[in-house]
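**Q** This structure is in structure tokens; I'll ask about it shortly.
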Amino acid sequence: EDDDDDDDFEDSPQGRVSALQWLQQLVLRGRIQFVLPSRSGGRHPRRELRAREPQEAKELHDTTKTFEEDLPAREEFRKRVRVDSGSPSENSFNILKKRECLVDKSFCPSRKSSVLHSKLPNKLAKVMHYHWNSDRVFCAKFSQSGDTFCSASPEGVCILDTHSWKVRRSISGLDTGWSIIDLDYSPDQRWIAYSSWSTIIHLVNVYGEHTLQNPHDLMPGEHTCMFGVRFAPNSRHILVGARSGLVITYDLTTKRILSRQPYAHSDDINSVCYLDNSSYLYATGGDDALIKVWDTRVGATAVGAFVGHEQGLTCVSTKGDGVYVLSNGKDQCMKLWDMRKLTPLHDAASSVRRYRYFDYRYDEWVRDDHPRMPFDHSLMTFVGHNVFRTLIRCDFSPMHSTGQRYVYTGCSKGGIVIYDVLTGKSVKRLETNSHIVRDVSWHPFEPTIVGASWDSCSLRYSYFPEDDSCILTDRNSCSSLCRS
1 EDDDDDDDFE
11 DSPQGRVSAL
21 QWLQQLVLRG
31 RIQFVLPSRS
41 GGRHPRRELR
51 AREPQEAKEL
61 HDTTKTFEED
71 LPAREEFRKR
81 VRVDSGSPSE
91 NSFNILKKRE
101 CLVDKSFCPS
111 RKSSVLHSKL
121 PNKLAKVMHY
131 HWNSDRVFCA
141 KFSQSGDTFC
151 SASPEGVCIL
161 DTHSWKVRRS
171 ISGLDTGWSI
181 IDLDYSPDQR
191 WIAYSSWSTI
201 IHLVNVYGEH
211 TLQNPHDLMP
221 GEHTCMFGVR
231 FAPNSRHILV
241 GARSGLVITY
251 DLTTKRILSR
261 QPYAHSDDIN
271 SVCYLDNSSY
281 LYATGGDDAL
291 IKVWDTRVGA
301 TAVGAFVGHE
311 QGLTCVSTKG
321 DGVYVLSNGK
331 DQCMKLWDMR
341 KLTPLHDAAS
351 SVRRYRYFDY
361 RYDEWVRDDH
371 PRMPFDHSLM
381 TFVGHNVFRT
391 LIRCDFSPMH
401 STGQRYVYTG
411 CSKGGIVIYD
421 VLTGKSVKRL
431 ETNSHIVRDV
441 SWHPFEPTIV
451 GASWDSCSLR
461 YSYFPEDDSC
471 ILTDRNSCSS
481 LCRS
């Protein structure tokens, strides 16, 4: 669904605003709202006008409602996470001391992540203002190596060197409409692709003496918004999700469309992601409350779907192993999915329970106490953050430093929320006075998270030890863990 764009109140030609104009502006800005009857039904339809007071999301550990048939899959996931992240029973200093003294000769990846996974970002290190002419930053992303960081706003793209946190390159956005909506690094880290309120995908070079900005018009002569863009693992193709359920796969080398699915979803597609390193499997999340999984080797029809969200999706992300998928929804929750628990398309479409009159830009969502959908095979549900006004993104924490033990998301009430996948509960809330944190990115090797804020800045959170025995806060310390 469209990201909201507020305008200032405008006076009438007579220099005064009528009561009707004033009321219309308040409704458009979300200051007041029409509350529709309960989704549970049973009452005569009526409308009530009230001031909107965003409520703190009530945290809910929903795994108690997991279907019994899905419990083994959930336990298998937890077992994998425990192996990858490790569970240190001793101080990090002692672990490293044993390694240096050759007492511990099997310093495997899980042992490395066990040193860092408890060192979560805990304090605001820097408020970074690089988009001076924009009041909102929409996108934030680290490169795969962590050497550069990219943010995007309505005015353009800014690339930073993370060693110094100084601007490497600043690029004015082209054909953006009113904002850049999504961006992604190519796997070879040479290019950044960004999408916007346009049919054109732009590629910007990360390195090199001169700035290049190559346009690729995917739909000449048409008008749409491309809400999600991702590079394929081969760096040659890009995947785009757009309005009205459109999905496009585009070849950057031949500059031609490989596939175009005009009705992949029954509503806007807000996010896309590749599921592994094969470039064949990908997932799409739409406003029809479905996550669909596609395999380009078997044709133009989705191979299955995930059902469970009661409102549209704002983000789909992958663990990178081709098995586990994370989603964020306008029903104020994230869900964890297992690819082996896909629902057939005909069952998925008929079982979605979606309140069609809800608009997350203006309305307040109230979670009802009702049974799970019949085909909701999500392994875990994470509740405790807010998803209003814009497409709030989410992701898994890095493998190197945490063993992907956590999932994290932005929040419409400001700040970043981190959940532990072993317990389903939030373990860290990085609070801020920011209005909205739309996008978030965790450094692949360091305990640092950056959030894209609608207060015209990027918020950088890092881990700060409470005593000298907690180490590993700089790049050199983290890099030393790579030794075997």
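Mapping to UniProt numbering: the sequence shown position 71 is 71, numbers consecutive.
Note that beta-carbon positions come from the ideal geometry of N, C-alpha and C, so glycine has one too.
#1: When you compare the segment 330-342 with the segment 257-266, are there three or more beta-carbon pairs, one atom per stretch, that lie closer than 8 Å?
#2: Let's test the definition: count the other Cβ atoms within 10 Å of the Cβ of residue 366 and tell me whether it reaches 16, buried, or not, exposed.
#3: Would you identify the three-state DSSP class for residue 168, choosing helix, strand or coil?
#4: How would you label residue 466, buried or exposed, when you count the other beta carbons within 10 angstroms and need 16 or more for buried?
#5: Under the three-state reduction of DSSP, which class applies to residue 251: helix, strand or coil?
#6: Is the number of C-beta pairs between the segment 134-145 and the segment 416-432 that are closer than 8 Å three or more?
#7: Just to confirm the assignment: which complete alpha helix (DSSP H) runs, minimum length 4, are found wholly within the segment 306-371?
#8: Using CA atoms only, rank isn't needed, just tell me which of 237, 153 and 148 is closest to residue 163.
#9: Under 7 Å Cβ to Cβ from residue 495, same chain only, skipping five residues before and after it: list those, please.
#10: Mind listing, in chain order, the continuous beta strand (DSSP E) runs of no fewer than 3 residues lying wholly within the segment 264-292?
#11: Taking its Cβ as the centre, do 16 or more other Cβ atoms sit within 10 Å of residue 284, making it buried, or is it exposed?
#12: On the DSSP bridge assignment, give the partners of residue 67 in chain order.
#13: Go through its chain and collect everything with a Cβ distance to residue 168's Cβ below 7 Å, but skip five positions before and after it.
#14: Assuming residue 136 and residue 456 are in contact, meaning their beta carbons sit under 8 Å apart, how far apart are those beta carbons, in whole angstroms?
#15: State the Cα-Cα distance for the pair residue 351 and residue 72, rounded to the nearest angstrom.
#16: Give, in chain order, every unbroken run of the alpha helix (DSSP H) that is at least 4 residues long and sits entirely within the segment 364-441.
#17: Going by DSSP, name the residue or residues bridged to residue 139.
#18: Please confirm if the segment 218-234 is in contact with the segment 185-196, defined as three or more CB-CB distances below 8 Å between the two stretches.
#19: Work out the CA separation of residue 128 and residue 140 for me, nearest whole Å.
#20: Below 8 Å between beta carbons: does that hold for residue 311 and residue 81?
#21: Check for me: the beta strand (DSSP E) holding residue 187 runs from which residue to which?
#22: Check for me: the beta strand (DSSP E) holding residue 176 runs from which residue to which?
#23: Looking only at its chain, what residues have a beta carbon closer than 8 Å to the beta carbon of residue 415, apart from the 5 residues adjacent to it on each side?
#24: DSSP three-state label for residue 299, please.
#25: Output the distance between the C-alpha atoms of residue 389 and residue 297, rounded to the nearest integer angstrom.
#26: In terms of residues, what are the limits of the beta strand (DSSP E) holding residue 452?
#27: Can you tell me where the beta strand (DSSP E) holding residue 163 begins and where it ends?
#28: Roughly how many angstroms lie between the CA atoms of residue 223 and residue 301, to the nearest whole one?
#29: When DSSP builds the beta bridges, which residues end up paired with residue 212?
#30: Buried or exposed, going by whether 16 or more other CB atoms sit within 10 Å of the CB of residue 173?
#31: In the DSSP assignment, the beta strand (DSSP E) including residue 133 goes from what residue to what residue?
#32: Just mark residue 377 as buried or exposed, buried being the case when its beta carbon has 16 or more other beta carbons within 10 Å.
#33: Rounded to the nearest angstrom, what separates residue 464 and residue 443 at their Cα positions?
#34: At the level of alpha carbons, what is the spacing between residue 410 and residue 315?
#35: Could you tell me how far apart the beta carbons of residue 306 and residue 342 are, in whole angstroms, since I believe they sit closer than 8 Å?
#36: From this set, 175, 197, 212 and 176, which residue's C-alpha is nearest residue 191's C-alpha?
**A** Taking the structure as given:
#1: no
#2: exposed
#3: strand
#4: exposed
#5: strand
#6: Taking a cut-off of 8 Å for Cβ pairs, the segment 134-145 and the segment 416-432 do not touch, as fewer than three such pairs fall below it.
#7: 345-351
#8: 148
#9: Nothing about residue 495 can be reported from this structure: the residues present for the chain run from 1 to 484 only.
#10: 269-274 and 281-286
#11: buried
#12: Residue pairing from DSSP leaves residue 67 without any beta-bridge partner.
#13: Within the same chain, and ignoring the five residues on either side of residue 168 in sequence, the residues whose Cβ sits closer than 7 Å to its Cβ are 148, 159, 160 and 161.
#14: 7 Å
#15: 24 Å
#16: 399-402
#17: 152
#18: The answer is yes - the segment 185-196 touches the segment 218-234, with three or more Cβ pairs under 8 Å.
#19: Each residue's Cα considered, the two are about 12 Å apart.
#20: no
#21: Counting along the chain, residue 187 falls outside any beta strand (DSSP E), and DSSP gives it neither H nor E.
#22: No beta strand (DSSP E) contains residue 176, which DSSP labels as neither H nor E.
#23: Contacts found: 429, 430, 431, 432, 434, 437 and 451.
#24: coil
#25: Residue 389 and residue 297 have their C-alpha atoms spaced approximately 37 Å apart.
#26: In the DSSP annotation of this structure, the continuous segment of the beta strand (DSSP E) that includes residue 452 starts and ends at 448-453.
#27: Unbroken run through residue 163: none, as it is neither H nor E.
#28: Computed Cα separation, rounded: 25 Å.
#29: DSSP lists no partner for residue 212.
#30: When all chains shown are included, residue 173 counts as buried.
#31: Taken as a continuous stretch (DSSP letters only), residue 133 belongs to no beta strand (DSSP E), as it is neither H nor E.
#32: buried
#33: 15 Å
#34: Spanning the two alpha carbons is a distance of roughly 11 Å.
#35: Taking 8 Å as the upper bound for CB-CB distance, residue 306 and residue 342 are in contact here, some 7 Å apart.
#36: 212
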